[in-house]
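Numbering (this note's numbering), first residue to last: 618 to 919.
Next up, the structure:
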């Protein structure tokens, strides 16, 4: 991603996404002030035709958004803008569920239906993020990318990769600052061991996600997304468990911000296919080629 875009996004998210904004969004309040700043900076157009950016930049921006738990339907807006010439806030629905459908100007489904006339029944995921149930009227067909479901799955992997990086940083900071028996708990071998496992999971998730991003134009895109979504989802479960162990009782309180990220990790790994969905896809792909083609498949993907 262009350094200026990354710097701008980091500053905006750092300055405008705080505890109050996150808590308000989980109560159902759309962060209009944050959305206005994002639009004024042009971040909602990253990855759009004519923006001077590409799909790779789009997913890098989502990793930054995940690192800050940005309470906007940014993945939906960015991906919709990458193939639609429409203004305003567009959300994407799968199985009748659309993030912030109640605030959207239009809804596009992964099957290629779009409408500006719809009902939205308010609902939320495990993290308290808006996941409204929508019913469309006056639907028209639009051209969507052939692998839109996979692109949306990659958006969740990118968000999780960013959140995992933040969780790792929080765990290291806490372990360094928290003292027990006269020394930081980071000095205890058991804590060091857990932090090492956590760092390994975060690194593996980041590599899997980056591999899928780099294969956006490859014929193996769906396969690399399957590997990324499955691997990042596995890392999300392990990382959240270790991070809460390191933080102890403090990490389970509402006052500590860890829950904003751990609950999102749990929620995002369920969206657009859990690990088992993508693992089965990979398994069928390998089985269809037979044992003799396994090595060629492993080294040739991407």
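The beta carbon of each residue, even a glycine, is placed where N, CA and C say it ideally should be.
Beta strand (DSSP E) segment containing residue i, residue limits
i, result
"residue 679", "First-last for residue 679: 672-685, but that is the alpha helix (DSSP H), not the beta strand (DSSP E)."
Start and end residues, alpha helix (DSSP H) containing residue i
i, result
"residue 823", "806-831"
"residue 759", "Per DSSP, residue 759 belongs to no alpha helix (DSSP H) and is neither H nor E."
"residue 631", "620-633"
"residue 641", "636-643"
"residue 891", "Note, residue 891: premise wrong, no alpha helix (DSSP H); not H, not E."
"residue 864", "838-864"
"residue 887", "875-887"
"residue 653", "649-657"
"residue 913", "911-917"
"residue 693", "691-698"
Top-ranked residue by Cα proximity to residue i, from the options
i, options, result
"residue 712", "676, 749, 743 and 691", "749"
"residue 893", "917, 849 and 742", "849"
"residue 846", "873, 787, 904 and 830", "830"
"residue 964", "885, 851, 647 and 690", "Nothing in the structure corresponds to residue 964, since the chain is present only between 618 and 919."
"residue 733", "706, 656 and 786", "706"
"residue 887", "742, 726 and 865", "742"
"residue 889", "863, 758 and 692", "692"
"residue 659", "868, 844 and 629", "629"
"residue 747", "900, 906, 624 and 646", "646"
"residue 717", "688, 702, 788 and 913", "688"
"residue 782", "644, 624 and 824", "824"
"residue 856", "798, 777 and 653", "777"
"residue 644", "700, 740, 723 and 695", "740"
"residue 736", "656, 721, 729 and 784", "721"
"residue 654", "670, 699, 627 and 916", "627"
"residue 714", "675, 738, 758 and 797", "738"
"residue 728", "767, 702 and 694", "767"
"residue 621", "678, 851, 667 and 753", "678"
"residue 680", "699, 814 and 885", "885"
"residue 840", "858, 751 and 902", "902"
"residue 668", "619, 790, 686 and 634", "619"
"residue 843", "710, 858 and 769", "769"
"residue 760", "703, 875 and 797", "703"
"residue 581", "791, 753 and 837", "In this structure the chain extends from 618 to 919, so residue 581 is not present and cannot be described."
"residue 876", "853, 896 and 794", "853"
Classification of residue i by the beta-carbon crowding that lies within 10 angstroms, buried from 16 upward
i, result
"residue 649", "exposed"
"residue 810", "exposed"
"residue 772", "buried"
"residue 908", "exposed"
"residue 683", "buried"
"residue 697", "buried"
"residue 880", "buried"
"residue 807", "exposed"
"residue 639", "buried"
"residue 672", "buried"
"residue 827", "buried"
"residue 911", "exposed"
"residue 676", "buried"
"residue 751", "buried"
"residue 832", "buried"
"residue 657", "exposed"
"residue 699", "buried"
"residue 694", "buried"
"residue 869", "exposed"
"residue 642", "buried"
"residue 915", "exposed"
"residue 731", "buried"
Residue(s) in a DSSP beta bridge with residue i
i, result
"residue 796", "801"
"residue 750", "714 and 738"
Neighbour flag for residue i against chain C, beta carbons, 8 Å
i, result
"residue 888", "Of the protein chains in this structure there is only one, and it is not chain C."
Segments assigned beta strand (DSSP E), at least 3 residues, entirely inside the stretch 704-747: As summarised for the stretch 704-747, the continuous beta strand (DSSP E) elements at least 3 residues long and confined to that stretch are 707-710, 723-726, 730-732 and 734-738, given in chain order.
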